[in-house]
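Below is one structure, written out as structure tokens; the observations come after it.
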Amino acid sequence: MGRVGTATIRFLIGCAITLAFSALLVQNPLPVEMTEAKLYDLRFHLRGAVPAPDQVVIAAIDEKSLARLGRWPWSRATMADLVRKLTKAQAAVVACDVIFPESDRDDPVLAGALADAGNVILPVAFDFESKAAAVKSPLLEPFALAGVEEGESYGDFPPITSGGAPIVPVRPLMDGAMALAHINMLPDHFDGTLRWEALLVAHDGLLYPSLGLRSAAFYKGIGPERLKVRATRSITLGAIEVPTDRWGRMPVNYYGPGRTLRHISIADIVDGKVGVKELGNRIVFIGASAVGAMDLRVTPFTAVFPGVEKQATVAANILEQRFLVKATRAQDLAFLVVAGLVMALLLSRLGLAWGATATLAWMLCIVALAQALFSRFGIWINLACPLGNTLCMFVSVTAWNYTVEERRARGIRAMFSSYVTTAIVNELIENPALARLGGEKREVSVLFSDVRGFTTFSEQHAPEEVVALLNEYLGEMTDVVLKWGGTLDKFIGDAIMVFWNAPLPCPDHAERAVRCALEMQQRLGGLHEKWDREGKPKLSCGIGINTGAVIVGNIGAEGKKMDYTVIGDEVNLASRVESLTRTFEAGILVTEKTVACLRDSIEAGTVTGIGLRGLRRVIVKGKQQPVTLYEARPAEGAVQVVECADLEPLRLTEK
1 MGRVGTATIR FLIGCAITLA FSALLVQNPL PVEMTEAKLY DLRFHLRGAV PAPDQVVIAA
61 IDEKSLARLG RWPWSRATMA DLVRKLTKAQ AAVVACDVIF PESDRDDPVL AGALADAGNV
121 ILPVAFDFES KAAAVKSPLL EPFALAGVEE GESYGDFPPI TSGGAPIVPV RPLMDGAMAL
181 AHINMLPDHF DGTLRWEALL VAHDGLLYPS LGLRSAAFYK GIGPERLKVR ATRSITLGAI
241 EVPTDRWGRM PVNYYGPGRT LRHISIADIV DGKVGVKELG NRIVFIGASA VGAMDLRVTP
301 FTAVFPGVEK QATVAANILE QRFLVKATRA QDLAFLVVAG LVMALLLSRL GLAWGATATL
361 AWMLCIVALA QALFSRFGIW INLACPLGNT LCMFVSVTAW NYTVEERRAR GIRAMFSSYV
421 TTAIVNELIE NPALARLGGE KREVSVLFSD VRGFTTFSEQ HAPEEVVALL NEYLGEMTDV
481 VLKWGGTLDK FIGDAIMVFW NAPLPCPDHA ERAVRCALEM QQRLGGLHEK WDREGKPKLS
541 CGIGINTGAV IVGNIGAEGK KMDYTVIGDE VNLASRVESL TRTFEAGILV TEKTVACLRD
601 SIEAGTVTGI GLRGLRRVIV KGKQQPVTLY EARPAEGAVQ VVECADLEPL RLTEK
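Using the UniProt record's numbering, you'd call the opening residue of the sequence shown number 1 and step up by one each time.
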């Protein structure tokens with residue numbers, strides 16, 4: 001498969017994976033939702049804690065207060081004293097995160113303190129678990145939202161479930177309070193983490209704001225009639241527009257772990273140790289932070305977070321306009337598609353190692369960009385799908401690459417393992433383009449070796465003896481060929497055909513061919529000694545070498561039988577030269593073209609141990625031009641070349 005085709009397929013695989021993750025993003029199944037939630041939490045940890053505003057403080061029911069005022073719950077008289085101290089300290093708004101659902105003899109005392117303060121918001125909780133129909137509560141209606149954009153209705157919030165019977169303070173306290181607000185917390189169902197604030201809760205066809213929203217509104221001097229709702233988009237407090245999702249929820253932008261907002265012990269407030277300086281013109285949330293008394297909640301920062309601090313955080317977010325905005329589905333898709341196309345383009349052009357590096361680098365870039373949007377601009381963009389898409393794309397493209405490369409490697413291994421050494425096979429697998437299987441013209445050195453008198457020998461000996469001796473001979477010769485990096489083309493009966501400079505480039509191919517021939521004759525001499533000791537007959541061989549341009553490639557019947565081989569006139573000449581070893585009674589014959597390839601090395605003195613003696617210029621059968629033949633023999637020292645004395649060409653009509 002061509003490089004362009006491979007790159008295109010890789011890119012298309014990346015596009016297909018991106019399309020699949022786009023569908024996942026739209027469907028948002030639970031695994032994707034859970035993964036994104038955890039990545040959302042991670043962004044808080046990467047950002048770290050940030051300073052909380054001074055306008056919001058928490059009057060904490062902490063261990064010190066319990067030690068000073070007794071165990072919880074305290075009497076209504078104690079709570080009335082607290083309200084009066086807060087009024088004296090000029091608290092702007094008091095938001096109480098404690099429901100008083102049961103009557104007490106001191107209710108009038110607390111109700112009076114509430115009425116005198118005129119700035120206390122009491123909580124109400126709606127029962128979302130109850131399957132019973134919502135109970136009409138006429139006493140709640142005055143505290144519902146009054147402002148809705150024209151053309152909209154409370155019914156534009158169908159995802160907000162109507163609760164059952166509300167849990168409200170007793171009637172005297174409701175009469176004394178400035179307003180009621182819900183304190184329902186709706187953690188994510190899959191892990192119980194509080195990531196959202198339900199700014200609005202539907203009950204009996206009306207909408208009720210949360211404690212954080214209502215306290216911020218009153219702090220800004222905005223009553224219920226000026227609290228405007230734009231269904232599924234935002235809630236407006238005067239000049240402040242709070243972005244929401246289609247459920248009327250706001251992502252809570254936590255400032256840090258528990259106690260990041262300022263906590264003041266109620267014991268210090270009651271004892272007068274803090275006053276206007278610490279509490280004046282501030283929203284004061286009353287709630288528990290003591291272990292065993294507080295409403296424990298899980299947030300992105302921690303598993304131990306006071307529920308009252310979550311309410312206070314919402315108010316602080318609104319006052320500071322420090323909002324987190326969930327990206328729209330279209331924005332998430334655009335981010336995913338752009339990130340996916342970039343990754344697909346990278347993987348289409350890179351190999352495994354660089355592809356892995358690019359994948360890791362691109363995932364870090366995606367995280368860095370998402371983190372920058374989150375920390376600097378308060379934008380929550382989906383990170384799970386782009387990261388999952390990038391990782392899945394790398395795995396898929398790598399798997400495809402492995403399949404293709406393994407198939408290619410198997411093909412190369414099957415094709416060349418019987419021709420060349422394992423090292424050359426491995427190099428071809430690493431660089432398959434070097435093989436040029438489709439065919440090319442290349443200069444090679446071709447060696448033919450043939451056993452002399454083999455026909456007569458085979459007729460005079462038993463088949464088993466012939467095969468055993470021939471196999472021993474061919475095995476020894478093959479070892480020499482592979483040692484010198486030759487490509488063992490084929491065995492033709494007792495003949496051997498070898499070539500150099502293909503499939504891998506080999507600049508010294510002519511020298512290797514000659515040295516291989518010399519060692520083949522040397523090894524044959526060793527075999528003669530062995531066969532003498534064993535009483536076996538001897539075999540002798542002639543070797544012919546020629547160098548020239550040939551066609552090299554994978555040749556044969558496609559899909560049936562293919563061989564990597566060389567063809568051309570220069571190959572035929574090498575074969576005819578080998579046959580002339582009998583005529584000239586030479587063990588090794590080399591053509592002038594092979595000698596010409598050696599001349600530069602000979603003149604440079606880099607080739608030693610070879611003797612070349614010119615024999616005769618001949619015109620072989622099928623050729624018009626004469627060729628000079630040299631006999632190659634081992635020699636001491638530098639290469640010795642003795643040129644041919646008889647320049648008159650000899651025409652040979654026999655092979």
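Just so it is clear, CB atoms sit at the ideal spot from N, CA and C, and this is done for glycine as well.
The structure presented is a predicted model; accordingly, all values stated were derived computationally and were not measured.
Is the Cβ of residue i closer than 7 Å to any Cβ of chain D?
i	result
MET79	Within the model displayed, chain D is absent; a lone protein chain is all it includes.
To which residues of the same chain is residue i closer than 6 Å at the C-beta, ignoring the five residues directly before and after it?
i	result
LEU383	LEU39, ALA370
SER449	ILE496, CYS541, ILE543
GLY355	LEU347
ASP295	GLY307
VAL397	ARG10, ILE13, LEU347
CYS392	ILE17
ALA513	SER445, LEU447, TRP500, ILE545
Report yes if the C-beta distance between residue i and residue j is below 7 Å; otherwise report no.
i	j	result
ILE61	ALA288	yes
VAL444	ASN546	no
VAL481	LEU470	no
PHE301	PRO243	no
VAL566	PHE499	yes
LEU213	GLN311	no
LEU194	THR299	yes
GLY272	ALA89	no
ASN28	ALA125	no
VAL170	ASP107	yes
ALA358	LEU350	yes
LEU319	ALA216	yes
VAL618	LEU573	no
ILE283	VAL56	yes
LEU206	ALA144	yes
GLU578	GLY548	no
LEU279	GLU309	no
GLY605	CYS644	no
ASN281	ALA92	yes
ILE269	ALA59	yes
ARG442	VAL552	yes
TYR208	HIS182	yes
GLY196	ARG246	In the sequence as presented, Gly is not what sits at residue 196; that position holds Trp. No. Outside cutoff.
VAL627	THR583	no
THR78	LEU69	yes
Tell me which residues share the same chain as residue i and place their Cβ nearer than 8 Å to its Cβ, disregarding the 5 neighbours each side in the sequence.
i	result
ASP332	LEU25, ILE381, ASN382, CYS385
GLY48	GLY256
GLY176	LEU110, ALA111, GLY112, ALA113, LEU114, ALA115, VAL120
From the DSSP secondary-structure annotation, give me the bridge partner or partners of residue i.
i	result
ASP563	ILE555
ARG616	LEU629
ASP450	GLY542
ILE496	SER449, PHE491
ARG195	According to DSSP, which records beta bridges pairwise, ARG195 is partnered with nothing at all.
GLN640	GLY611
PRO306	LEU296
TRP380	LYS326
GLU443	ALA549
residue 656	Look at the range of the chain in this structure, 1 to 655, and you will see that residue 656 is not part of it.
HIS203	LEU206
ALA144	Answer is none; ALA144 lacks a bridge partner.
GLY351	According to DSSP, GLY351 bridges with nothing at all.
HIS189	BP columns for HIS189 are empty, so no partner.
PHE21	PHE21 pairs with nothing; no bridge assigned.
GLY287	ALA60
LEU373	DSSP lists no partner for LEU373.
Tell me which residues share the same chain as residue i and place their Cβ nearer than 7 Å to its Cβ, disregarding the 5 neighbours each side in the sequence.
i	result
ALA635	GLY609, ILE610, GLY611
GLU241	SER234
VAL607	GLU511, LEU598, SER601, VAL639
GLY155	Note that GLY155 has pLDDT 47, beneath the 50 cutoff, so the model's placement of it is unreliable and the number below is only indicative. Within the same chain, GLY155 has no close Cβ partners at all.
VAL325	PRO243, GLY378, ILE379, TRP380
ASP494	ASP450, VAL451, PHE454, LEU470
Q. What runs of the beta strand (DSSP E), each 3 residues or longer, lie entirely inside the segment 209-285?
A. 227-230, 234-237, 240-243, 249-251, 262-265
Q.
Under 8 Å, with one C-beta from each stretch per pair, do the segment 516-528 and the segment 456-468 reach the 3-pair mark?
A. No contact exists between the segment 516-528 and the segment 456-468.
Q) What are the complete beta strand (DSSP E) segments, minimum 3 residues, inside the segment 49-121? A) Listed in chain order, the complete beta strand (DSSP E) runs (minimum 3 residues) inside the segment 49-121 are 56-61, 93-96.
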